[in-house]
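Numbering (this note's numbering), first residue to last: 3 to 468. Glycine included, each C-beta is placed from N, C-alpha and C at the ideal position.
Next up, the structure:
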């Protein structure tokens with residue numbers, strides 16, 4: 003195959019007209035950036051996979067032989083694998099560059115038998131980082147050194163959605179520091195990617211000097227003058243997402259000073275599933291997607307069951323992944339959380355990515371599993387209070403492509419947030435009280451959570467506040 007430039011490769015692989023300008027910069031720069039800061043829906047996966055592929059096979063640039071794509075969640079791994087294989091198939095490169103999965107519960111593939119061949123390794127952070135530490139999960143200890151050597155030499159590590167990685171993120175920075183200090187064979191780089199990236203997250207003991215007192219890492223950001231004027235990104239950049247706190251109109255009336263009746267509204271909190279269910283059904287609009295994100299599996303199930311009872315008072319029993327359409331006039335109800343079995347996860351992945359909605363629309367009640375990597379664009383987003391980086395990810399699931407409002411200004415998108423009591427640690431779990439308190443202060447000060455609005459808000463913060 004002969005390709006003149008990265009744009010031709012991108013068109014052939016994705017069947018899209020053109021890459022975004024920042025994707026071209028990633029592929030054609032002299033070296034890989036250490037940090038990629040791009041909003042949700044901007045194509046970070048294609049940037050990394052196709053950028054590496056172009057540089058390794060077609061560009062005259064020193065490029066690692068192995069692409070190691072590390073993710074924090076199983077659903078992201080499966081989605082990335084499917085995309086990578088589709089792109090390679092479109093390019094006719096499935097035999098030249100193999101894609102292998104490293105994830106618990108999957109059959110082990112002997113990718114290490116051909117160390118001289120280019121390969122894309124996609125896996126969860128536990129499977130990949132344990133191998134880089136010479137303690138590979140799910141494999142015989144006598145093969146540990148093989149994976150240890152192959153993953154620490156001649157490899158490009160890409161860590162995506164790093165805001166979800168926890169201690170795995172610090173492990174990755176330490177490993178890169180060790181490689182730079184001790185030396186390796188070939189070229190080994192690490193690229194960290196996120197829509198909510200803060201450089202201080204990378205400040206582990208031996209990597210801190212790249213962060214402080216000044217940042218010495220190359221950061222790839224989107225340029226408002228070029229990237230956000232490109233078709234596809236411009237709509238995402240300008241998308242409006244007005245936000246306000248969720249409150250339930252109780253239908254009660256109280257007497258004002260002049261004796262007139264006024265409607266009563268009470269702000270909702272996360273420990274009121276039946277009231278939240280009333281609010282959700284009131285906000286849902288036929289033909290659209292309403293996404294509700296809560297912080298715990300228990301509350302997720304309780305809220306789903308409460309919504310189901312509204313549409314079908316006779317419904318009883320435990321909530322299931324099938325999520326019955328309980329009547330002809332009811333929207334399609336779906337439940338998502340991390341405790342589903344692989345077969346059930348595969349089922350909800352299929353309808354989650356479907357573009358067509360039922361005539362009455364769909365209501366999805368989910369935990370944090372949809373925070374990252376899921377191509378959802380809800381007209382209405384209702385979320386519990388969460389740490390600020392998590393909220394930013396959740397906001398990215400609303401009006402993702404800027405399709406609301408329509409050309410006539412109708413059908414606006416809406417975001418609502420539900421407060422979480424922080425006086426009781428059991429109610430604020432799995433997050434810390436200080437994280438939620440900080441997020442509550444911030445969210446109360448922003449009237450809109452679109453990409454441009456959040457960027458402008460972020461620019462007003464000091465380094466300490468960020």
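Neighbourhood of residue i by C-beta, 7 Å cutoff - its chain only, sequence neighbours within 5 removed
i	result
residue 56	8, 11 and 29
residue 236	230
residue 259	In this prediction, residue 259 scores a pLDDT of 37, lower than 50, which makes its location untrustworthy; no coordinate-derived value is stated.
residue 197	40, 41, 42, 394, 395 and 398
residue 46	38, 40, 162 and 195
residue 322	Any reading at residue 322 must be qualified, since the residue scores a pLDDT of 47, below 50, and its modelled position is unreliable; the value itself is stated next. Excluding sequence neighbours, residue 322 sits near nothing in its chain.
residue 217	201
residue 437	389
residue 502	The chain is shown only over 3 to 468; residue 502 falls outside these bounds and no answer can be derived.
Short Cβ contact (8 Å threshold) for residue i with residue j
i	j	result
residue 296	residue 386	yes
residue 176	residue 192	no
residue 95	residue 79	no
residue 1	residue 75	Residue 1 lies beyond the stretch modelled for the chain, which goes from 3 to 468, so this question has no answer here.
residue 127	residue 72	yes
residue 219	residue 38	no
residue 186	residue 136	no
residue 88	residue 240	no
residue 384	residue 285	yes
residue 125	residue 344	no
residue 58	residue 117	no
residue 435	residue 443	no
residue 421	residue 247	yes
residue 334	residue 310	no
residue 174	residue 123	no
residue 44	residue 160	no
residue 367	residue 268	no
residue 451	residue 245	yes
residue 101	residue 86	yes
residue 361	residue 188	no
According to DSSP, residues forming a beta bridge with residue i
i	result
residue 122	69 and 101
residue 367	294 and 337
residue 195	38 and 162
residue 423	The partner list for residue 423 (beta bridge, DSSP) is empty, contrary to what the question assumes.
residue 16	Beta-bridge pairing links residue 16 to no other residue.
residue 384	294 and 418
residue 247	419
residue 271	421
residue 223	39
residue 157	68
residue 400	380
residue 450	244
Of the listed residues the options, nearest to residue i (C-alpha basis)
i	options	result
residue 457	397, 115 and 280	397
residue 13	372, 53 and 428	53
residue 145	121, 168, 131 and 112	112
residue 359	388, 431, 332 and 284	332
residue 23	362, 187, 37 and 224	224
residue 300	280, 274, 312 and 314	274
residue 338	369, 269, 427 and 200	369
residue 84	116, 48 and 63	48
residue 62	32, 437, 90 and 27	32
residue 234	459, 420 and 403	403
residue 34	4, 190 and 168	190
residue 392	349, 309, 354 and 445	445
residue 340	302, 123 and 431	302
residue 5	183, 60 and 44	60
residue 207	199, 169 and 354	169
residue 19	463, 214, 232 and 70	232
residue 426	342, 439 and 99	439
residue 354	304, 342 and 336	336
residue 249	464, 15, 447 and 419	419
Anticipated Cβ contact below 8 Å, residue i with residue j, distance rounded
i	j	result
residue 415	residue 395	Actually they are not in contact, since the Cβ atoms of residue 415 and residue 395 sit about 16 Å apart, beyond 8 Å.
residue 68	residue 156	6 Å
residue 114	residue 152	6 Å
residue 429	residue 272	7 Å
residue 388	residue 431	Not confirmed; about 12 Å, so no contact.
residue 1	residue 199	Residue 1 lies beyond the residue range present for the chain, which begins at 3 and ends at 468; the question has no answer from this structure.
Chain-order list of residues whose beta-carbon lies under 8 Å from that of residue i (same chain, five-residue window excluded)
i	result
residue 381	287, 290, 291, 292, 400, 401, 406, 413, 415 and 416
residue 77	347, 351, 371, 375 and 376
residue 17	92
residue 150	133, 134, 135, 136 and 138
residue 129	104, 105, 106, 138, 139 and 140
residue 312	279, 280 and 283
residue 298	369, 431 and 432
residue 209	175, 176, 178 and 179
Nonlocal neighbours in the same chain, by C-beta distance under 6 Å from residue i, ignoring five residues either side
i	result
residue 449	none
residue 36	219 and 220
residue 379	402 and 403
residue 308	275, 276 and 279
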